[in-house]
Structure formats: C-alpha cells, structure tokens
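Q: Residues 1 to 198, numbered by full-length UniProt numbering, are exactly what the sequence shown covers, in order. One structure, as structure tokens, below. Some questions next.
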Amino acid sequence: MSLSRTHILIAAVATVVVAAGCSDDSTATHTAEHSPTTTTSAVAGPEFNDADVTFLQMMYPHHAQAVEMAKMVPSHTQNQQLIDLAAQIEQAQAPEMREITDLLTSFGKPAPSAADHDGHEMPGMMTTQQMTDLDAAQGDDFDRQWLQMMIDHHQGAVAMAQTELANGVNPASRQLASTIVADQEAEIATMRGILDQN
1 MSLSRTHILI AAVATVVVAA GCSDDSTATH TAEHSPTTTT SAVAGPEFND ADVTFLQMMY
61 PHHAQAVEMA KMVPSHTQNQ QLIDLAAQIE QAQAPEMREI TDLLTSFGKP APSAADHDGH
121 EMPGMMTTQQ MTDLDAAQGD DFDRQWLQMM IDHHQGAVAM AQTELANGVN PASRQLASTI
181 VADQEAEIAT MRGILDQN
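Structure, rendered in structure tokens:
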C-alpha cells in the first residue's frame with residue numbers, strides 16, 4: 001500500500017509539472033507572436049495628408065514671391081533697415097523653399113515651381129500689377145509700398161501656416177509651419193516699427 005501511494009503521488013506531481021511547463025511555453029509563445037504586431041501598430045500612421053500637400057504646394061510660390069520682393073530692395077532704396085530685413089527674409093525663405101521641394105518629393109508629389117499658385121487662392125499674394133508698381137518706385141515711396149506689401153504677404157503666410165498646424169499631420173511640415181509663424185510674426189512687428197518711424 002505504501003509503495004502504491006508513493007507511485008501515485010509521484011505521477012500526480014509529474015503531471016502538474018508537465019502541465020505547468022506547457023502553460024508557460026504557450027504563454028511565452030503567444031507573447032512573442034503578438035509583440036511585433038503591437039510594435040508595428042504603434043509606429044504605423046499617416047505620413048502626410050491633403051492638408052500637408054496643399055500647404056507645401058501653396059507655400060513654395062508664396063515664398064518665391066517674397067524672395068523676389070526682397071531682391072528688389074538693394075537697387076530701390078538706401079534704407080539700411082530695409083536692406084538688412086530683406087536679406088534676412090531671403091536667407092530664411094530660400095532654404096525653406098528647398099525643404100518644401102524635398103518634402104513634396106518624399107511624398108511622391110511633383111517638385112513645385114513659382115508658377116504653381118495658378119488656381120490656388122493664397123492670402124497675401126501680390127498681383128502682377130502690384131509687383132510692377134513696386135518695381136517702378138524708388139526711395140521713400142518704395143520703402144512704404146514694400147513694407148505694406150510685405151506685411152500683407154507675411155500675414156498671408158502666417159494664416160496658411162496656422163491652417164497647416166490645425167489640419168496637417170506630417171511632423172516636418174508642421175515644424176516648418178511653426179517656424180514660419182514665429183519668424184514672420186517677428187518680422188511683421190519689425191516692419192510695423194519701421195513704418196511708424198517714417
């Protein structure tokens with residue numbers, strides 16, 4: 001009797017150990033199988049949306065016109081404040097245009113051009129006649145026109161960037177929009193200060 005009971009006890013313990021071992025293996029396998037799926041799901045998401053594309057496609061020609069206006073300054077005025085500000089605007093926006101091109105290309109979209117504003121309603125864009133009138137002005141008259149036009153132009157860019165921040169999803173596009181808001185609002189304040197001096 002004593003020997004039989006010992007055999008039964010050993011068999012029972014072995015069964016429990018085997019069952020526990022199978023359970024542990026099963027749990028480990030389940031976790032290993034599902035961990036990669038969870039990780040992939042966490043990093044997956046929209047790389048860009050229509051708001052990002054529209055913002056970049058519109059901002060490129062918008063920047064191009066600002067750079068064109070900035071390039072006029074040295075030959076139209078002796079005002080050193082304007083000359084310095086125009087150089088600052090060109091130095092900021094020309095690299096941003098290259099960044100815009102790179103982003104659109106990475107999205108599989110065509111590289112933008114300065115003429116891409118056709119069909120888009122972009123706030124702050126000057127008409128061909130306004131640009132012609134500005135180019136014909138000199139001295140104080142040029143200074144006043146340029147400052148007023150560039151303030152309007154910057155306000156349009158800020159509005160477009162704020163729309164991107166509200167609706168866009170691409171981190172790089174949103175970072176560019178944040179930079180545009182900060183830089184151009186500061187330049188608007190500077191331009192208003194120069195206008196008040198005159």
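Idealized CB from N, CA, C, for every residue including glycine.
Beta carbon of residue 220, beta carbon of Met59: below 9 Å?
A: This structure cannot speak to residue 220, because the chain is shown only from 1 to 198.
Q: So, with DSSP's three-state summary, where would you put Met150?
A: If DSSP states are grouped into helix, strand and coil, Met150 belongs with the helices.
Q: Would you say Ala86 lies against chain D (beta-carbon separation less than 9 Å)?
A: In the structure shown, chain D does not exist; there is a single protein chain.
Q: Which of the three DSSP states is assigned to Val181 in this structure?
A: DSSP places Val181 in helix when its eight states are reduced to three.
Q: In whole angstroms, what is the alpha-carbon distance linking Ala92 and Glu185?
A: Approximately 13 Å between the Cα atoms of the pair.
Q: Along the chain, where does the alpha helix (DSSP H) containing Val53 start, and where does it finish?
A: Unbroken alpha helix (DSSP H) run through Val53: 50-76.
Q: Should residue 202 and Met131 be called a contact, given that it needs their Cβ atoms to be closer than 9 Å?
A: Any question about residue 202 goes unanswered here, given that the chain covers just 1 to 198.
Q: Go through its chain and collect everything with a Cβ distance to Glu47's Cβ below 7 Å, but skip five positions before and after it.
A: If we look at Glu47 and ignore the five residues flanking it on each side, its Cβ neighbours are Asn170.
Q: Go to Pro110, then tell me how far its alpha helix (DSSP H) extends in each direction, as first and last residue.
A: Pro110 -> no alpha helix (DSSP H), and no H or E assigned at all.
Q: If you draw a straight line from the alpha carbon of Leu165 to that of Ser113, how long is it in whole angstroms?
A: Spanning the two alpha carbons is a distance of roughly 23 Å.
Q: Kindly indicate which residue of Ala137, Ala111, Gly108, Ile151 has the alpha-carbon position closest to the one of Met125.
A: Here the closest residue by C-alpha is Ile151.
Q: Which first and last residues belong to the alpha helix (DSSP H) in which Thr128 is found?
A: Note, Thr128: alpha helix (DSSP H), 128-136.
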